[in-house]
Every structure is written in structure tokens, then in C-alpha cells.
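Each number in our numbering corresponds to the 1-based position in the sequence shown with 102 added.
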Amino acid sequence: MTVRAVVKGVGHYLPTRVVENAEFEASLETNDEWIRARSGIERRHFAGEGETTSSMATAAAQAALDMAGLQADDVDALVVATSTADLTFPSAATMVQAELGMTRGFAFDIQAVCAGFVFALSNANALIVSGQARRVLVIGAETFSRIMDWSDRSTCVLFGDGAGALLLEAQDGNGTSADRGILSTDLNSDGTHRDLLYVDGGSSTGTTGYLRMQGNQVFRHAVEKLSKTATTAMARAGVDSADVDWIVPHQANIRIIQGTAKKLGLPMDKVVVTVQDHGNTSAASIPLALSVGVARGQIKQGDLLVTEAIGGGLAWGAVVLRW
Numbered sequence: 103m104t105v106r107a108v109v110k111g112v113g114h115y116l117p118t119r120v121v122e123n124a125e126f127e128a129s130l131e132t133n134d135e136w137i138r139a140r141s142g143i144e145r146r147h148f149a150g151e152g153e154t155t156s157s158m159a160t161a162a163a164q165a166a167l168d169m170a171g172l173q174a175d176d177v178d179a180l181v182v183a184t185s186t187a188d189l190t191f192p193s194a195a196t197m198v199q200a201e202l203g204m205t206r207g208f209a210f211d212i213q214a215v216c217a218g219f220v221f222a223l224s225n226a227n228a229l230i231v232s233g234q235a236r237r238v239l240v241i242g243a244e245t246f247s248r249i250m251d252w253s254d255r256s257t258c259v260l261f262g263d264g265a266g267a268l269l270l271e272a273q274d275g276n277g278t279s280a281d282r283g284i285l286s287t288d289l290n291s292d293g294t295h296r297d298l299l300y301v302d303g304g305s306s307t308g309t310t311g312y313l314r315m316q317g318n319q320v321f322r323h324a325v326e327k328l329s330k331t332a333t334t335a336m337a338r339a340g341v342d343s344a345d346v347d348w349i350v351p352h353q354a355n356i357r358i359i360q361g362t363a364k365k366l367g368l369p370m371d372k373v374v375v376t377v378q379d380h381g382n383t384s385a386a387s388i389p390l391a392l393s394v395g396v397a398r399g400q401i402k403q404g405d406l407l408v409t410e411a412i413g414g415g416l417a418w419g420a421v422v423l424r425w
């Protein structure tokens, strides 16, 4: 028998404030048509007063627990993927642990920017497969609206806030691609490209800083690296594109999503797309899309999914799982 990390629950949280593209026209030389044409984004959610990365992560995690019919103390570990934790330390994960009333186990953050949730899923899978945990909450949560340079139209219109969560549980499988759960992962990074996407603040500057991005260069790397990591992960799982029911990609830019699907030989009607409503929510985008895909009735038990993401670092990777 093979131990698999199987999804038992999923949930998400979005701030109530919805920001349409037109709202930027008052302060920037931009408009709805310009933003849609370049990104596919129509609107996004921004955190309001009192809403933080950890509070949104807590709400998403509670929704996943409710779907699974479990309590916080049924969980052994909690992992939060984020680049916008409430504080430098302690981790957002320990804050979520406290808010959920989880009195046992352990919690920690993972920081791989937009690829964070893929890295968190891979680590959670390793905890389960190795026997260190039976149930793991994996959360992606971000408040990117608080690290935006509002004078930079090339970046500030692209990002949004939100959170999504999966509850993984150890179950026995047969060791084949027909098993439910995570079937394979592939992680990569290349620090020589760190200047393409970064925040110009931190302990070295004593400031929070703002997000900076060379969008054209990031786009150039994205389609090639995303299609390659997805292909590698599928090969490790013993499946190919013809077996895939859904691609659930990082929701950064519709052109990247379309380009990656084309390279993988998959039609867009097999891609879960939420970028138009959420913008780029970084590490939250994949779990948000998974939760929305389930709520829409797109993703069903037994479906074969491929998730892939790329973010600052550069860091990128993919996960193949059967729902």
C-alpha cells in the first residue's frame, strides 16, 4: 500500500471590497480596456480595515474544516503560504493556529511568492507520506494591496487579496495514478532571476517596500517554465495531458494561462479560470481557484488535476493530484 495525501475539504475567503478596473482611472493613466487586454483582469478584492492575511487565512481554513466535518484539534500541522504575513514574525501560521483554537500540532509559513501554495502542498505531502502528520491544513493567503506602489500602473492593477485552504488527510492507496490524493510534485528555483520580481524593502532597508516587476521578462519565463514543470510532474505521476480533467493554474495573467494550456495541448475549457474576478492573489490564487472550481461544480471527486505556478525568486513548480 502507498500513503497518499487526499483532499478532504476546501474553502476560501474574499474581502467584501470589490475594486473594478474603472476605479483606477481616477488616479492612473489607464482604463478598463487596457487592463483587460493585457491581463484578463476585470476586478479584484482588497482587504478592508481589520482584515489581515492571518484573519483571511483563518476564515478559509475554517471553511475547509467545515467541509471535512472536522475540528481544529483533528489537525496535526498547519502550513501557510504567504509573502505578506501580518508581521515579520511570528508566522501567520501560528496566528491562524491560535485563532482556530488548534491546541496541538505545529504551524509554519512558507515563502515562495506566487509559487508558495505549490511549495506548501509539496511540503504537506512530504509530512503525510513520511508519517509526521496525518492531517495537514494547507493555506494560501495574501494582502498584496498593502505592498503596492499606487503610482505604478504596470503592477498595482494586477494584484488582489484573498485566501484559500485545503485539508489533506493520509489515506492508503494502491500506488497507481488511479489513487486519490497527491500523485507527484515538481519544485524549482533560480535565484539569478531575483531582480525580475521582488519587493524593495525588508530588514536590509528597514522599510516594508513595494512590489517591483519586469513584467515582460516574467512573462517570457512563465509559459516555458510552467509547461515544463507540469510535464515533469505528470511524467512522475505516470499520466499525460490526455488524462487531465482540469488545469488549475496560478491566476496571474490570462495570456500566460492560455499559453501554458496550449503548450500542454489542452483546451481552455479544461482550465479553471478565476483571474478575471480575483486578479493575481499570489500564493492564494491556486487554492482560491480550487475552492471556486468545486463551488461551481467543475471539480468533482476522482478528477485528475494539475496545478502549476511561478513567482519571485524565481521559484516555480507543479503538483498532480486526483481529487
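All C-beta atoms, glycine included, are put in the ideal place defined by N, C-alpha and C. In this text the structure is predicted, and so the values were computed from the model without any measurement.
Nearest candidate by alpha-carbon position, reference residue i, set the options
i	options	result
K372	Q273, G266, D345 and E153	D345
S279	T118, G262, M315 and A339	A339
W469	F321, A335, G311 and G395	Summary: the structure shown does not reach residue 469, with the chain confined to residues 103 through 425, and so no result is reported for it.
N382	Q353, L366 and S129	Q353
T309	Q316, M315 and V301	V301
G264	T205, F210 and G150	G150
F191	G304, K365, G399 and L368	G304
I356	V341, V374 and L366	V374
V120	F126, S141, R145 and T104	R145
R237	Q360, V109 and F148	V109
H295	I284, A272, G277 and Q319	Q319
K402	G283, A363 and A337	G283
A139	I249, L260 and P117	L260
T186	H147, L202, S247 and D178	S247
L116	H380, R398 and Q400	H380
D178	T307, Q316, P369 and A272	A272
L189	L130, T245, D168 and W136	T245
A209	D297, S193 and Q234	S193
E201	G404, M250 and M158	M158
M336	Q199, A162 and L285	L285
A163	G152, F148 and V181	V181
Per DSSP, the bridge partner or partners of residue i
i	result
A420	D288 and E410
H114	G266
T309	G304
T245	D263
T104	G275
V121	R146
G283	R424
G314	It is Arg, not Gly, that sits at residue 314 in the sequence shown. According to DSSP, R314 bridges with Y300.
R90	Because the chain in this structure spans residues 103 to 425, residue 90 falls outside the shown range and cannot be described.
V109	L270
V373	I349
Endpoints, the beta strand (DSSP E) within which residue i is located
i	result
W348	W348 to P351
V182	A179 to A183
Cβ-Cβ distance between residue i and residue j below 7 angstroms
i	j	result
G275	R424	no
T184	T160	no
A386	I358	no
V350	T409	yes
A222	I230	no
S224	L289	yes
V240	A228	no
D175	T205	yes
V112	V421	no
G415	S291	yes
A417	A195	no
G218	L390	no
G207	Q378	no
V220	G419	yes
S384	C258	no
K327	I388	no
L269	A166	yes
G406	D342	Note that residue 406 is Leu in the sequence shown here, rather than Gly. Cβ distance not < 7 angstroms, so L406 and D342 don't count as in contact.
K365	S329	yes
T118	G277	no
H147	G262	yes
Heavy atom of the ligand SAH within 6 angstroms of residue i beta-carbon
i	result
E244	No copy of the ligand SAH occurs in the structure displayed, which carries no ligand at all.
Bounding residues of the alpha helix (DSSP H) (the contiguous stretch that carries residue i)
i	result
C258	R255 to C258
M336	G317 to A339
V231	G218 to V231
I388	S387 to R398
D251	Premise fails: D251 is in no alpha helix (DSSP H) and is neither H nor E.
K402	Neither: K402 is in no alpha helix (DSSP H) and is coded neither H nor E.
G381	No alpha helix (DSSP H) holds G381; DSSP gives it neither H nor E.
A139	D134 to S141
Q56	Limits of the chain in this structure are 103 at one end and 425 at the other, which puts residue 56 out of reach.
Chain C contact for residue i (CB, 7 angstroms cutoff)
i	result
R138	Here there is only one protein chain, and chain C is not present.
Q | Ordered list of beta strand (DSSP E) runs contained in the segment 163-211, each at least 3 residues | A | 179-183
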